[in-house]
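Residue numbers (our numbering): 657 to 1438. One structure below.
Below is the structure:
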């Protein structure tokens, strides 16, 4: 019918439009006819395919095994009931089925690679939470643009075995490259994989061994660390054998052997055959050799007589440079006293005795170094060997010496503080009774000069006590605005006595120096420490120069100014012409406990104290030194705008009336101090009660019915001390005023017993200082 229509259209076109137009209409008609026939055929094929798909869907849906179809991204397009039951009623994408610690991503990536390369993939994976099975076997095939997934539950141990097989297949090339032997067998004990290192030990080709069906137990006899070679020999090896079990039910899934050649046994055997001792190499691989050579622990392979067969670099540090360790004896490098002990320990180890206790060794060429020798309990008999370990104790011994030194300094400080405190009590009595004598002996009395000499020397002694307290760190020192020129002038005589007659002291004071804010005692300690070091460096005599000058950052030495802040300074330059400081020591001179002096001649704290004081003052310290020429220290102290603080002379002060009325209780365990205070206050018009202890003072207060206006108590006393006495006294006399007297500084006292509620009188004190403070306290001026 379609063909007749085409012919009729052609005839009509020929009659109306000519032959050419008719031919064109005929061609178009034939094309249309062909298309119609093609569409009809395609329709029949589609109907047949859809029928086949429907039938396939019906068959798959009827199966119990989970099946799903996804696109290339993993999105589920179709699934059967088994797949839906796998997710407990939830349709999960295949990737969501995979679980494990970080394994989902790795397993999924592996599966994708296999699909891209081969169009199919098989994988056993742990299931994700929410899936009805613990382990799953995934089988996927690429069909056109779709992926068909077949999923099956797997027993845990069987799944582990399958993953082990796959791991062996994937890791095989890598295991073949390592220098440690690896042998894998299946659960039946049949060897499935042998790497090249293990094959070399066995003496056969790795591929042939993996396919020969060898028995694991035949390859590794259970009567020692040996391996059965291809030639039937028994070869010593270091081996580790382990069965492999499934992670859940403990099902045996395989066997693993890790092998290394026993170089020790081989070399001992060779040494026995040759009749000479031969130390084995520490390992056959580059890694093992590096582990031995680069270990921070000193190690040496030695025989029963202490002969060294091999030693690492750390061990070489204990012997002189250029001296070979191999072939020498361990005893050759230690001091004579330790040599016999080393031989005795080696003999005990060779006899198979228990592991010897670690022993400390000192080395004859490096007496400053020490080490602890450790020997494992291994027999050295019959040409055997062992490894000697040396643990470097040099740093530990240095710390022990520093700790001992610190303890010694602390003990000396406590002793100095105690002596200074007791001496302050004596000085208080001396100065006090001098003042009482001066009341009766005026300037025209012939005894006046003698009394003043006693008082002046007592004051000088009090300055020494102050330095002792500063040294013992039991005095809180306070900075004041001072003139450097005056401070140096005051200690110049002391410096000359310290450095001796063979050293010339040159003091050069700069002009127009602005004041600095420092603690005078601390600054004096800095100058004295540097002067004493200079004296020790000039044993044959020389010159010590102390020069001051005003500098700024611009005018200071270039090397110094790099770290200094931009302001004005007073520079104190201290230079000697001594032996100088070696360059290797110059960077350590400010370290605590560092000293180049002989044992017992230096604490190692002098320069570290100098550095700390200068830094706490806000200043800087620098040093230059040349061996044989001398050393120069440069101190920079920041200047102040305020005028220097000066003590007002006694004869220029306004004369005050220091007499008064009231009752005062003086509690002091030192009789001379208490007697002086009582007489001084009685002379000023006060009624004075006395007590020689805290308990006695409490009894006096309880027995005395009248008011007590002021309690003056020593801070430290046997039994009840001053603070405890005050606590008890305030319960019955809360309004009584308190004065503590002590040989320690006021700040230290306030840190101990509190900031307020009392006045403080530092020992030693004069009659006038005592009377002035009592007057001020009772008049509530303090």
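Every residue gets a Cβ at the ideal spot worked out from N, C-alpha and C, and that includes glycine.
8 Å CB neighbourhood of residue i in its chain, flanking five on each side removed
i: residue 999; result: 962, 987
i: residue 1204; result: 1140, 1141, 1144, 1164, 1165, 1166, 1169, 1226, 1227, 1228, 1229
i: residue 951; result: 968, 970
i: residue 930; result: Low local confidence applies: a pLDDT of 48 at residue 930 is under 50, so the model's placement there is unreliable, and no value is given.
i: residue 1341; result: 1315, 1316, 1317
i: residue 997; result: 1015
Nearest-angstrom Cα separation, counted from residue j out to residue i
i: residue 1325; j: residue 1141; result: 42 Å
i: residue 1182; j: residue 1199; result: 19 Å
i: residue 733; j: residue 746; result: 14 Å
i: residue 1224; j: residue 1280; result: 22 Å
i: residue 1180; j: residue 1143; result: 8 Å
i: residue 1165; j: residue 1399; result: 35 Å
i: residue 1153; j: residue 1387; result: 54 Å
i: residue 868; j: residue 849; result: 10 Å
i: residue 636; j: residue 1427; result: No answer is possible for residue 636: the residues shown for the chain start at 657 and end at 1438.
i: residue 1237; j: residue 1276; result: 20 Å
i: residue 1079; j: residue 1099; result: 29 Å
i: residue 809; j: residue 789; result: 6 Å
i: residue 1112; j: residue 1086; result: 11 Å
i: residue 1005; j: residue 1031; result: 8 Å
i: residue 1091; j: residue 1116; result: 16 Å
i: residue 906; j: residue 794; result: Residue placement at residue 906 is poorly supported in this model, since its pLDDT is 44, which falls under 50; the coordinates still yield a value, given next. Straight-line Cα distance between these residues: approximately 23 Å.
i: residue 989; j: residue 1023; result: 11 Å
i: residue 1339; j: residue 1371; result: 24 Å
i: residue 911; j: residue 781; result: 22 Å
i: residue 1440; j: residue 798; result: Any property of residue 1440 remains undetermined from this structure, which presents the chain solely from 657 to 1438.
i: residue 1184; j: residue 1283; result: 22 Å
i: residue 993; j: residue 1007; result: 23 Å
i: residue 1333; j: residue 1317; result: 15 Å
i: residue 1429; j: residue 1088; result: 15 Å
i: residue 1207; j: residue 1344; result: 57 Å
i: residue 773; j: residue 792; result: 22 Å
i: residue 742; j: residue 875; result: 45 Å
i: residue 1051; j: residue 783; result: 56 Å
7 Å Cβ shell around residue i - same chain, five flanking residues per side excluded
i: residue 855; result: 861, 862, 865
i: residue 1194; result: 1159, 1232, 1233, 1234
i: residue 1373; result: 1325, 1349, 1350
i: residue 1246; result: 1263, 1264, 1267
i: residue 984; result: 964
i: residue 1186; result: 1230, 1266, 1289
i: residue 1097; result: 1103, 1104, 1107
i: residue 744; result: 786, 788
i: residue 949; result: 968, 969
i: residue 1146; result: none
Integer-rounded CB distance, given that residue j should sit under 8 Å from residue i
i: residue 1300; j: residue 1171; result: 4 Å
i: residue 766; j: residue 779; result: 7 Å
i: residue 1029; j: residue 1014; result: 7 Å
i: residue 914; j: residue 847; result: With a Cβ gap of about 14 Å, residue 914 and residue 847 do not count as contacting.
i: residue 1395; j: residue 1414; result: 7 Å
i: residue 1319; j: residue 1363; result: 6 Å
i: residue 727; j: residue 801; result: 7 Å
i: residue 614; j: residue 1026; result: What is shown of the chain runs 657 to 1438, which leaves residue 614 out entirely.
i: residue 873; j: residue 845; result: 6 Å
Same chain, Cβ closer than 6 Å to residue i, five either side skipped, listed in chain order
i: residue 954; result: 970, 971, 1046
i: residue 1323; result: 1347, 1353, 1369
i: residue 1298; result: 1137
i: residue 1424; result: none
i: residue 991; result: 1018, 1020
i: residue 759; result: Low confidence applies here, because residue 759 scores a pLDDT of 46, under 50, leaving its location unreliable; read the following figure in that light. Around residue 759: no qualifying Cβ.
is_contact[residue i, chain B] using C-beta, thresh 7 Å
i: residue 1339; result: The structure shown contains no chain B; it is built from a single protein chain.
Requested in this report: Any chance you could list the alpha helix (DSSP H) runs of at least 4 consecutive residues sitting entirely within the region 1324-1359, in chain order?
Outcome: Runs found: 1327-1339, 1350-1359.
Query - the region 1284-1295 / the region 1042-1050 touching (three or more Cβ pairs under 8 Å) - result: Segments in contact, no.
Requested in this report: Determine contact between the region 1342-1354 and the region 1369-1386, defined as no fewer than three beta-carbon pairs at a distance below 8 Å.
Outcome: Short answer: they touch.
Query raised in the report: Using 8 Å as the threshold, is the region 1145-1164 in touch with the region 1200-1213, meaning 3 or more CB pairs across them?
Result: Cβ pair count under 8 Å is three or more, so yes.
Query raised in the report: Fully enclosed by the region 1153-1187, which beta strand (DSSP E) runs are 3 residues long or longer?
Result: DSSP runs (the beta strand (DSSP E)) wholly in the region 1153-1187: 1159-1164, 1172-1174.
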